[in-house]
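Everything below concerns the one structure shown next.
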Amino acid sequence: MSSAKAAGEIEDYSEPILEGKGGSDYERYLRTDELLSLQKTPEEQAHRDELLFQTVHQSSELWLKLASNETAEAAALVEREEIAGALRLLRRASLALQLITGQLDMLEQMSPWEYQEVRAVLGHGSGFDSPGFGALRRVVPTLGQAFSGLTLEELYVQGREHEELYQLAEALTELDERLMLWRVRHYKVVARIIGDEVVGTQGTPVELLGGLIKQTFFPELWAIRNRLTNRAIEEGAQ
Ligand code: HEM
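Be aware that the sequence shown starts at 1, since it is given in the working numbering, and climbs by one per residue.
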C-alpha cells in the first residue's frame, strides 16, 4: 500500500505514511515507543538486572501468545479436518516453545545473591499467573479430540495409510514434549537462582514445580509407545 500521489511524482521513502506515534513507519507499525517504555527505567529499578528479567519474561509472554493463538486455530482446522493446515500452525507453536526454552539461559547470567534484590520487588508475582502459559494450557487439550474413530494403535501400526493423522499425532507429541522441556529447563533455572528447597513468591514450594515436569496433556500418545514395543515383543515371540 502506498500513499496517494500524483502520476509521475516520486515517492519520498524517508517520510512515514502510516498513522501512529514515531518518526518512521518502522516505529509506528511496531509501536516501539510503547513497547520500549514497558520496562522499568534505570531510576525505577531496584537492581539493573530487572531489565534482563523483564525482557525474558515479556518476550516469553509474546511467544506464548503466538503459540496459543496458532494452537487455537490449529484446533479449529482439525475440527474441519484440514490437517495439513493444522500441522503448519502446530510447527509454529512448538518452535515458539523452543525459543522461550532457549532464552531461559539468559536468566542464569544473574547472580543468585543479586537476584534477591529483584525478587524483593516482585510482590506476589508468580509464573502461575502467566497469561500466555495459562492460555496455552487451556487450548492444547482441545486438540486431543482429533483421533476419534481410530485407535492410536491402528494409527501407528498403519501409519502410512493415515499419513496426515499420523503426522498430527506426532505434532501433538512434539508440542507436549516441548512443554515438558520448558518445564524441566525452568525448574533447573529456578533451582540455580533461588534453590530447590524454598518457597516461591506465592508460597508454592519449588519441589512442586519438580512434580509438574511429568505432567502431560496427551498421556495416551506416550502410552501407545509402550504398547507398540510390547506388541512387537509379543509378535516376535510367536
Ligand atoms: C529467575 C527466573 C525465575 C524464577 C526464580 C522463577 C520462579 C518460579 C517459581 C518459584 C514458581 C512456582 C510458583 C511460585 O510460587 O511463584 C514458578 C512458576 C512458573 N513460572 Fe517461573 N521463574 C523464573 C522465570 C520464569 C520465566 C522466564 C517464565 C516465562 C514465562 C516463567 C513462567 C512460569 C510459569 C508458567 C510457572 C507455572 C509453572 C507450571 O505451571 O508448570 N518463569 N516460577
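Backbone N, C-alpha and C define an ideal beta-carbon position, used for all residues, glycine too.
A quick note: this is a predicted structure, and the numbers were derived from the prediction, not measured.
Helix, strand or coil: how does DSSP classify residue i here?
i    : result
V199 : strand
G8   : coil
P205 : strand
M110 : coil
A46  : coil
T55  : helix
F147 : helix
T101 : helix
M1   : Residue placement at M1 cannot be trusted, given a pLDDT of 49 that sits under 50; what the coordinates show is reported in the next sentence. If DSSP states are grouped into helix, strand and coil, M1 belongs with coil.
T41  : coil
F218 : coil
H124 : coil
Return yes when the Cβ of residue j is within less than 8 Å of the Cβ of residue i, no when it is not.
i    : j    : result
V184 : L107 : no
L64  : I17  : no
L165 : L155 : yes
V139 : S68  : yes
L87  : A169 : no
L179 : L97  : yes
L152 : I224 : yes
Using CA coordinates, which residue listed in the options is at the minimum distance from residue i?
i    : options                : result
Q109 : V190, S24, V198        : V190
G102 : V198, T142, H186       : H186
R119 : T216, R88, F53, S60    : F53
D33  : Q45, G20, P42          : G20
R48  : Y115, L77, E82         : Y115
A84  : V199, T216, H162, K188 : H162
E79  : A146, E15, K40, E235   : A146
P141 : G211, L172, A93        : L172
Could you round the C-beta distance between residue i and residue j to whole angstroms and report it? I think they count as a contact, below 8 Å.
i    : j   : result
S132 : E70 : For clarity, residue 132 is Gly in the given sequence; the question names Ser instead. Not really, about 12 Å apart at Cβ, beyond 8 Å.
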